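Q: At position 130 of the sequence shown (counting the first as 1) the number is 195 in the working numbering, and the numbers step up by one without a gap.
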Amino acid sequence: KEGGRAPEQNALNVDFTRQVPPMQITMTPAMVNRIKDNDGSEHNIMIIPDKECEVNKGLSSTRGGQMASIMYSENTPIGERRLKVPMLYTGDDWIETTWQQSMDIYAGLTKRILDEDGPEQILFNLFDHGGAGGGFENTWA
């Protein structure tokens with residue numbers, strides 16, 4: 066369902082029936098995308114900063130302000146290159162695998178290191194830009 070122009074008709078609670086004052090809201094093409102759910106239904110999304118956030122005072126960073134543009138959408142350049150299934154590096158090549166096999170390998174290796182070498186031998190190197198990765202982008206152990 067598409068939102069309307071009146072404040073009570075849209076998720077932004079902004080009155081689009083008249084000119085929006087400068088600086089009331091920032092809306093850029095990088096903040097919006099059209100995604101498809103697992104059931105095939107399509108949804109328009111807009112990633113907006115949290116106005117009550119103490120850290121950024123309701124503003125978005127350059128990276129955070131474009132999070133919608135990197136959400137998976139099959140008809141975009143990023144979507145066409147986006148991984149859709151976990152990949153396993155075999156030493157020679159990357160192969161597709163399942164989520165279950167990926168988690169089994171990850172948990173098994175972690176358990177083996179803990180059992181054989183102790184917790185001091187576990188290292189996680191990760192970072193997250195505060196969005197899509199949820200802490201699991203560019204992550205390795």
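We treat Cβ as the ideally placed atom computed from N, Cα and C, and that holds for glycine. Predicted model only: the values in this text are computed from it and were never measured.
Where does residue 174 fall in DSSP's three states?
A: Three-state DSSP puts residue 174 in a helix.
Q: Residue ranges of each beta strand (DSSP E) run of no fewer than 3 residues wholly in the segment 66 to 145, ordered along the chain?
A: Correct list: 97 to 101 and 107 to 111.
Q: Taking the C-alpha atoms as reference points, what is the distance between residue 159 and residue 167?
A: Going from the Cα of residue 159 to the Cα of residue 167 covers about 13 Å.
Q: Around the C-beta of residue 90, are 16 or more other C-beta atoms found within 10 angstroms, so that it is buried, or is it exposed?
A: The residue in question, residue 90, is exposed, as its Cβ has fewer than 16 Cβ neighbours within 10 Å.
Q: Could you tell me whether any non-hydrogen atom of the ligand ZN is closer than 7 Å to the CB of residue 152?
A: Within the structure as shown, the ligand ZN is missing, as the structure has no ligands at all.
Q: In angstroms, rounded to a whole number, what distance separates the CA positions of residue 75 and residue 161?
A: If you take the alpha carbons of residue 75 and residue 161, they lie about 41 Å apart.
Q: Pick helix, strand or coil for residue 148, following the three-state DSSP scheme.
A: Reduced to three states, the DSSP call for residue 148 is coil.
Q: Taking 8 Å as the threshold (C-beta atoms), are residue 108 and residue 115 in contact?
A: Not in contact: residue 115 and residue 108 (Cβ atoms no closer than 8 Å).
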